[in-house]
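These notes are about the structure you will find just below.
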Amino acid sequence: MKNRIYIKDLKDHVGKEVTIAGWVDVRRDQGKMVFFDMRDMTGKAQAIVIPNRKEVMEVAKEIRPEWVLKIIGIVNKRPDKNVKAGILNGEVELEVTNIEILNKSETLPFDITNDTSGINEETRLAYRYLDLRSERMQKNIRMRSEFVKKVREFLFSKMFTEIETPLLTESTPEGSRDFVVPSRLNPGNFYALPQSPQQYKQLLMTGGFEKYFQIARALRDEDLRADRGFEHTQVDVEMSFVEMEDVMNLIEEMMTTVVESMGFTIKQKPFPRITHKESIEKYGADKFDMRTEEEKKNKNILAYAWVVNFPFFEKIDNGKWTFTHNPFSMPIPEHVEWLIKGENIKNILTTQYDLVCNGYESGGGSIRAHKPEILKATYKVMGYSEKEIEDRIGHMLKAFTYGVPPHGGIGLGVERNLMNFTGESYLREVVAFPMTRGGKTAVMNAPKPLEEKQLKELGIKLVK
Numbered sequence: 035m036k037n038r039i040y041i042k043d044l045k046d047h048v049g050k051e052v053t054i055a056g057w058v059d060v061r062r063d064q065g066k067m068v069f070f071d072m073r074d075m076t077g078k079a080q081a082i083v084i085p086n087r088k089e090v091m092e093v094a095k096e097i098r099p100e101w102v103l104k105i106i107g108i109v110n111k112r113p114d115k116n117v118k119a120g121i122l123n124g125e126v127e128l129e130v131t132n133i134e135i136l137n138k139s140e141t142l143p144f145d146i147t148n149d150t151s152g153i154n155e156e157t158r159l160a161y162r163y164l165d166l167r168s169e170r171m172q173k174n175i176r177m178r179s180e181f182v183k184k185v186r187e188f189l190f191s192k193m194f195t196e197i198e199t200p201l202l203t204e205s206t207p208e209g210s211r212d213f214v215v216p217s218r219l220n221p222g223n224f225y226a227l228p229q230s231p232q233q234y235k236q237l238l239m240t241g242g243f244e245k246y247f248q249i250a251r252a253l254r255d256e257d258l259r260a261d262r263g264f265e266h267t268q269v270d271v272e273m274s275f276v277e278m279e280d281v282m283n284l285i286e287e288m289m290t291t292v293v294e295s296m297g298f299t300i301k302q303k304p305f306p307r308i309t310h311k312e313s314i315e316k317y318g319a320d321k322f323d324m325r326t327e328e329e330k331k332n333k334n335i336l337a338y339a340w341v342v343n344f345p346f347f348e349k350i351d352n353g354k355w356t357f358t359h360n361p362f363s364m365p366i367p368e369h370v371e372w373l374i375k376g377e378n379i380k381n382i383l384t385t386q387y388d389l390v391c392n393g394y395e396s397g398g399g400s401i402r403a404h405k406p407e408i409l410k411a412t413y414k415v416m417g418y419s420e421k422e423i424e425d426r427i428g429h430m431l432k433a434f435t436y437g438v439p440p441h442g443g444i445g446l447g448v449e450r451n452l453m454n455f456t457g458e459s460y461l462r463e464v465v466a467f468p469m470t471r472g473g474k475t476a477v478m479n480a481p482k483p484l485e486e487k488q489l490k491e492l493g494i495k496l497v498k
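Going by this note's numbering, the first residue of the sequence shown is number 35, and it counts up by one from there.
In structure tokens form, the structure reads like this:
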């Protein structure tokens with residue numbers, strides 16, 4: 035829009051005629067004069083229509099909240115008494131000389147001028163595009179963008195390369211359930227959406243990139259809860275020629291740099307380190323909140339800590355062993371021989387490190403197995419046959435025969451971190467278009483049945 039300025043910059047144009055555009059936030063008709071607050075992505079400003087502008091007044095009498103307007107007006111300083119008394123918000127106001135209605139709005143299904151968190155979830159998500167206009171949601175989503183931007187800047191400053199990995203990949207039965215995608219070109223076969231970029235980022239280390247990251251989408255078909263959804267975003271990091279301390283120190287520096295630049299206070303630096311065993315004994319869980327009751331009232335305090343020395347394996351219902359973190363982790367150096375020999379399984383500790391903050395797991399990672407015999411030994415402990423191991427990870431075992439450097443990394447949950455920054459209790463409050471608790475998409479109608487033609491193309495028959 036030609037010559038448009040943002041509302042935040044109005045104070046720099048006192049005495050001049052300017053053009054702004056945005057939404058009508060609040061309208062007040064006082065008979066002889068009409069006042070309304072205009073809102074754009076940078077803030078709000080009061081516009082005033084005075085009686086001697088009759089044509090403008092006719093239009094002003096018509097407008098309603100949430101209409102989209104282009105306004106031309108003269109920027110005036112407000113009287114000091116009004117500013118000091120809090121009668122009017124801001125230092126300047128716009129004396130309107132022209133109004134162009136760009137679009138009208140029907141009455142909204144709910145009030146967005148106040149906190150919308152108490153409104154019925156299904157209603158909010160059905161009209162998510164309106165919910166996003168509210169001040170709290172604008173703040174949360176913009177803070178999310180700021181966090182990701184600052185993380186990117188930090189990692190680029192440390193010589194990391196941002197690389198995207200595939201969204202269509204192979205289904206693996208470990209971990210959570212996969213979301214699967216049928217292949218039209220290969221009837222009866224399926225892709226899976228990635229639960230994480232785990233294998234690809236290790237293959238990038240094999241490819242010699244040494245320092246990789248991406249803002250990665252991860253999808254897991256697991257039960258929904260307040261802090262977990264079907265899909266999430268993670269800051270995914272992997273580094274070559276590193277040990278645990280190298281990864282933890284880098285991430286600690288990154289989080290300190292980023293969150294302090296965003297105005298937060300870190301309770302304790304360097305971040306305390308506690309073993310998994312100590313964590314369970316002291317807090318009854320491997321994630322905990324170290325803030326005092328008084329500190330919990332201050333949303334700006336972040337209490338970070340590292341949890342280390344996790345058990346590598348745990349028993350499941352059928353009596354077999356499974357991994358506690360992921361099967362690609364490396365045992366701590368003194369337990370590698372136990373793993374290779376398949377001895378003392380319950381006592382094997384892994385090089386896993388979790389970053390916890392204010393009661394949430396903010397991130398988790400490990401040093402990875404980079405030798406085929408170590409990865410193979412992990413799968414043997416879990417009861418896989420030679421053929422099953424080849425079917426599951428044969429490509430990784432082969433890659434590891436071609437000079438793979440020692441490497442490790444971490445995934446930091448963007449949503450979990452934003453919940454800490456904002457003080458929100460629900461993941462949906464820091465996601466633009468989340469799902470309902472029943473797994474329904476916001477605004478759009480999914481999941482829903484496919485047309486018969488689509489099923490036929492995919493070679494799929496539904497059993498009712």
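Positions of the beta carbon are idealized from the N, C-alpha and C atoms, including for glycine.
Return the chain-ordered list of same chain residues with a C-beta closer than 7 Å to the C-beta of residue i, the five sequence neighbours on each side being excluded.
| i | result |
| --- | --- |
| G49 | V109 |
| R38 | T53, I54 and A55 |
| G447 | H266, Q268, S396 and G397 |
| K405 | F434 |
| I503 | Since the first and last residues shown for the chain are 35 and 498, residue 503 lies out of range. |
| M324 | K301, A337 and A339 |
| K118 | With a pLDDT of only 45 at K118, under the threshold of 50, the placement of this residue in the model should not be trusted; the figure read from the coordinates follows. Contacts found: none. |
| G120 | Low local confidence applies: a pLDDT of 42 at G120 is under 50, so the model's placement there is unreliable, with the coordinate-based value given in what follows. Counting only Cβ-Cβ distances below 7 Å, and skipping sequence neighbours, we find nothing. |
| P483 | none |
| F224 | S205, V214, V215, P216 and S217 |
| K66 | P85 |
What does residue i pair with, by DSSP beta-bridge criteria?
| i | result |
| --- | --- |
| H266 | A252 |
| T147 | The partner list for T147 (beta bridge, DSSP) is empty, contrary to what the question assumes. |
| K349 | W355 |
| F455 | According to DSSP, which records beta bridges pairwise, F455 is partnered with nothing at all. |
| M273 | K245 and G442 |
| E196 | F247 |
| L336 | I300 |
| F224 | P216 |
Where does the unbroken beta strand (DSSP E) through residue i begin, and where does it stop?
| i | result |
| --- | --- |
| Q302 | Note, Q302: premise wrong, no beta strand (DSSP E); not H, not E. |
| Q80 | G77 to V83 |
| E371 | Counting along the chain, E371 falls outside any beta strand (DSSP E), though it belongs to the alpha helix (DSSP H) covering V370 to K375. |
| R73 | V68 to D74 |
| I444 | H441 to G447 |
| T309 | R307 to T309 |
| I285 | From DSSP, I285 is part of no beta strand (DSSP E) but of the alpha helix (DSSP H) over M278 to S295. |
| Y394 | Y394 to I401 |
Pick helix, strand or coil for residue i, following the three-state DSSP scheme.
| i | result |
| --- | --- |
| E491 | helix |
| H359 | coil |
| M177 | helix |
| R98 | coil |
| D515 | Outside the displayed range of the chain (35 to 498) lies residue 515, so it cannot be described from this structure. |
| D388 | strand |
| G120 | At G120, the pLDDT of 42 sits below 50, so the modelled position is not reliable and the matter cannot be decided from this model. |
| K245 | strand |
| M469 | strand |
| N132 | strand |
| Y460 | coil |
| V48 | coil |
| I408 | helix |
| V342 | strand |
| F190 | helix |
Starting from residue i and walking both ways along the alpha helix (DSSP H), at which residues does that stretch end?
| i | result |
| --- | --- |
| N110 | No alpha helix (DSSP H) holds N110; the beta strand (DSSP E) holding it covers V102 to K111. |
| E155 | E155 to A160 |
| G428 | E420 to A433 |
Identify, in the order they occur along the chain, each residue of the same chain with its Cβ nearer than 6 Å to the Cβ of residue i, setting aside the five sequence neighbours on each side.
| i | result |
| --- | --- |
| L492 | P216 and R218 |
| T199 | P231 and Y234 |
| G417 | K354 |
| R450 | Y394 and S396 |
| V83 | V68, V90, M91, A94 and V130 |
| D13 | Within the shown structure, residues of the chain are numbered from 35 to 498, placing residue 13 beyond reach of any answer. |
| G460 | Inspection of the sequence shows that residue 460 is occupied by Tyr rather than by Gly. Hits under 6 Å: A260. |
Please confirm whether residue i has its beta-carbon closer than 7 Å to some beta-carbon of chain D.
| i | result |
| --- | --- |
| D257 | In the structure shown, chain D does not exist; there is a single protein chain. |
Excluding sequence positions up to five away, which residues of its chain have a Cβ less than 8 Å from the Cβ of residue i?
| i | result |
| --- | --- |
| W372 | P365, N378, I379, N381 and I382 |
| V126 | L44, K45, V48, A79, V109, N110, K111 and R112 |
| M171 | T150, D165 and E463 |
| I423 | K410, Y413, K414 and L431 |
| N132 | V90, I105, I106 and G107 |
| K36 | T53 |
Three-pair Cβ contact test at 8 Å for the stretch 171 to 185 versus the stretch 450 to 469: Counting Cβ pairs under 8 Å, three or more are found: they touch.
Given 8 Å, three or more beta-carbon pairs between the stretch 236 to 246 and the stretch 460 to 476: The stretch 236 to 246 is not in contact with the stretch 460 to 476.
The stretch 150 to 166 / the stretch 471 to 478 touching (three or more Cβ pairs under 8 Å): The stretch 150 to 166 vs the stretch 471 to 478: in contact.
At least 3 beta-carbon pairs within less than 8 Å: the stretch 331 to 339 vs the stretch 304 to 313: Segment contact: the stretch 331 to 339 against the stretch 304 to 313, three or more CB-CB distances shorter than 8 Å; contact assigned.
The stretch 57 to 71 contacting the stretch 89 to 106, beta-carbon criterion three pairs below 8 Å: In this structure the stretch 57 to 71 touches the stretch 89 to 106; the number of beta carbon pairs closer than 8 Å is three or more.
At least three beta-carbon pairs within less than 8 Å, the stretch 181 to 188 to the stretch 286 to 300: Contact between the stretch 181 to 188 and the stretch 286 to 300 is present, because at least three Cβ pairs lie under 8 Å.
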